[in-house]
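Step one of this worksheet: look at the structure below.
Residue numbers (this note's numbering): 13 to 472.
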């Protein structure tokens, strides 16, 4: 009876939420099935063909080319070892497995990364008349449904599913380690980053992040895991390992033209400035070193402020910029930064919050718009320099202006000066007394205590 009474007395908008959620899911599914370009599960076709040729026809991993194309396997040999089960199933089952694994990774990332923003939305609302905060009546499940639809519409996510790519799985492996660090179980962290690095080299920058932020134990675990996985692959197929590490790794032509508009990295920008020619390696190296310097400074500052989540997000941004090839579907590494930026916006005062959310929405819309493809056939000229590289400029902007919030302090009412109080994204209240910060976390992203000297507390 109590549930019936609660259902009858709840606001009409609340009662309509299941119908609204269902409509959003259906509309998203229809859009994804009809509007965006579909990639025909091209990449999972390369994986499937490579593994089957290797196992059933005694082929060599890096000699296989997908029929009718010049594209073959470009990942380290351990990735092929991980994909060996594909040799036991049909093509359609392989597609299904790829989609299910990416969906599971997406659900985990939404829970881990969007959780703080969702809890903030559910916990409080602003009274439009007085501008004061009050408890909200939103339901977490409804907010997660909306977040899930927005996640699915994000162009890099759409392309990851449509190509049958592994990107979301790699992000999930890395942020599984981030979650371990955030929840005080740092002694187990590093395995996910190590496995991700052995599958695809881009996540190796997260080992650097662990090093520059003082997590030497976790960096050693990650390095050891990547090394062990690489050694296992070498034992299984020594020839493939020799081919990859001495030749295929350095041959960027294997993955496609550097100047192709989908390459949203620094190297891609330089290649489009010199169509038909390889960009200057010296110029590219200078740009990479500059980006890495900014990344190291920003990431260390974030960790000193107890904001490891922003540090991990910044590392994903830097990895996209410095990688020689960053296709649009690789930009799933921007998702953590966008979610931290959104959570930061929600933590601000009402006026600033609205302005910040407008910025978040604008960035999201651009990254969903496929705007760079307008210059697919001609990426020369001033307009193309801005438009064809739009995702690079967004990534650079997020790196230069960190997604974490600027700290705001206020005095606590009461006798005496009292402690300063600052708000951090994903945290409820941080009281700073005598130089020591103690944070009470909202959900899984618990901030560790910050040493007055600025160094992060060892996570074990």
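Where a beta carbon is used, it is the ideal one built from N, C-alpha and C, also for glycine. Quick caveat, the model's predicted, so the values are computed rather than measured.
Delimiting residues of the alpha helix (DSSP H) encompassing residue i
{"i": "residue 369", "result": "362 to 380"}
{"i": "residue 112", "result": "103 to 125"}
{"i": "residue 32", "result": "29 to 46"}
{"i": "residue 68", "result": "54 to 68"}
{"i": "residue 394", "result": "394 to 399"}
{"i": "residue 338", "result": "Looking at the DSSP string, residue 338 is not in any alpha helix (DSSP H), and its letter there is neither H nor E."}
{"i": "residue 409", "result": "402 to 412"}
{"i": "residue 73", "result": "Looking at the DSSP string, residue 73 is not in any alpha helix (DSSP H), and its letter there is neither H nor E."}
{"i": "residue 308", "result": "293 to 316"}
{"i": "residue 350", "result": "347 to 358"}
{"i": "residue 99", "result": "Premise fails: residue 99 is in no alpha helix (DSSP H) and is neither H nor E."}
{"i": "residue 93", "result": "89 to 94"}
Cβ pair residue i, residue j closer than 9 angstroms
{"i": "residue 404", "j": "residue 333", "result": "yes"}
{"i": "residue 49", "j": "residue 382", "result": "yes"}
{"i": "residue 29", "j": "residue 154", "result": "yes"}
{"i": "residue 300", "j": "residue 278", "result": "yes"}
{"i": "residue 379", "j": "residue 346", "result": "yes"}
{"i": "residue 194", "j": "residue 321", "result": "yes"}
{"i": "residue 96", "j": "residue 63", "result": "yes"}
{"i": "residue 242", "j": "residue 89", "result": "yes"}
{"i": "residue 326", "j": "residue 302", "result": "no"}
{"i": "residue 205", "j": "residue 91", "result": "no"}
{"i": "residue 78", "j": "residue 61", "result": "yes"}
{"i": "residue 169", "j": "residue 384", "result": "no"}
{"i": "residue 399", "j": "residue 389", "result": "no"}
{"i": "residue 371", "j": "residue 248", "result": "no"}
{"i": "residue 43", "j": "residue 125", "result": "no"}
{"i": "residue 198", "j": "residue 227", "result": "yes"}
{"i": "residue 59", "j": "residue 115", "result": "no"}
Residue i versus residue j: straight-line alpha-carbon distance, rounded
{"i": "residue 163", "j": "residue 367", "result": "22 angstroms"}
{"i": "residue 267", "j": "residue 84", "result": "8 angstroms"}
{"i": "residue 309", "j": "residue 219", "result": "16 angstroms"}
{"i": "residue 324", "j": "residue 411", "result": "11 angstroms"}
{"i": "residue 281", "j": "residue 401", "result": "6 angstroms"}
{"i": "residue 55", "j": "residue 364", "result": "43 angstroms"}
{"i": "residue 217", "j": "residue 407", "result": "16 angstroms"}
{"i": "residue 36", "j": "residue 291", "result": "44 angstroms"}
{"i": "residue 257", "j": "residue 130", "result": "44 angstroms"}
{"i": "residue 359", "j": "residue 70", "result": "58 angstroms"}
{"i": "residue 237", "j": "residue 203", "result": "6 angstroms"}
{"i": "residue 409", "j": "residue 232", "result": "31 angstroms"}
{"i": "residue 434", "j": "residue 357", "result": "Note that residue 434 scores a pLDDT of 39, beneath 50, so its modelled location is shaky; the value from the coordinates is reported in the next line. Each residue's Cα considered, the two are about 15 angstroms apart."}
{"i": "residue 421", "j": "residue 340", "result": "Low local confidence applies: a pLDDT of 38 at residue 421 is under 50, so the model's placement there is unreliable, and no value is given."}
{"i": "residue 284", "j": "residue 269", "result": "10 angstroms"}
{"i": "residue 373", "j": "residue 351", "result": "11 angstroms"}
{"i": "residue 423", "j": "residue 338", "result": "Below a pLDDT of 50, predicted positions are generally treated as unreliable, and residue 423, at 36, falls in that range; the measurement from the model is reported next regardless. Answer to the nearest angstrom: the Cα atoms are 46 angstroms apart."}
{"i": "residue 176", "j": "residue 276", "result": "19 angstroms"}
{"i": "residue 214", "j": "residue 183", "result": "11 angstroms"}
{"i": "residue 395", "j": "residue 190", "result": "39 angstroms"}
{"i": "residue 157", "j": "residue 104", "result": "28 angstroms"}
{"i": "residue 99", "j": "residue 127", "result": "37 angstroms"}
{"i": "residue 222", "j": "residue 235", "result": "11 angstroms"}
{"i": "residue 32", "j": "residue 152", "result": "14 angstroms"}
{"i": "residue 7", "j": "residue 259", "result": "Because the chain is modelled from 13 through 472, residue 7 falls outside the range shown and cannot be assessed."}
{"i": "residue 225", "j": "residue 375", "result": "29 angstroms"}
{"i": "residue 66", "j": "residue 53", "result": "20 angstroms"}
{"i": "residue 229", "j": "residue 304", "result": "22 angstroms"}
{"i": "residue 397", "j": "residue 362", "result": "36 angstroms"}
{"i": "residue 240", "j": "residue 76", "result": "26 angstroms"}
{"i": "residue 313", "j": "residue 135", "result": "29 angstroms"}
{"i": "residue 262", "j": "residue 87", "result": "12 angstroms"}
{"i": "residue 34", "j": "residue 393", "result": "45 angstroms"}
Anticipated Cβ contact below 8 angstroms, residue i with residue j, distance rounded
{"i": "residue 74", "j": "residue 252", "result": "6 angstroms"}
{"i": "residue 295", "j": "residue 391", "result": "Not quite, the Cβ-Cβ distance comes to about 18 angstroms (not below 8 angstroms), so this is no contact."}
{"i": "residue 40", "j": "residue 161", "result": "4 angstroms"}
{"i": "residue 208", "j": "residue 185", "result": "4 angstroms"}
{"i": "residue 118", "j": "residue 180", "result": "6 angstroms"}
{"i": "residue 132", "j": "residue 319", "result": "Rounded, the Cβ-Cβ distance is 15 angstroms, inconsistent with contact."}
{"i": "residue 174", "j": "residue 27", "result": "No, residue 174 and residue 27 are not in contact; Cβ-Cβ is about 36 angstroms, not under 8 angstroms."}
{"i": "residue 271", "j": "residue 287", "result": "6 angstroms"}
Residue-level contact to chain B via CB, residue i, 9 angstroms cutoff
{"i": "residue 285", "result": "Here there is only one protein chain, and chain B is not present."}
> Residue ranges of each alpha helix (DSSP H) run of no fewer than 4 residues wholly in the region 258 to 289, ordered along the chain?
Replying inline: 278 to 285
>> If we require 3 or more residues per run, which beta strand (DSSP E) segments fall completely within the region 162 to 227?
In response: Within the region 162 to 227, not a single complete beta strand (DSSP E) segment reaches 3 residues in length.
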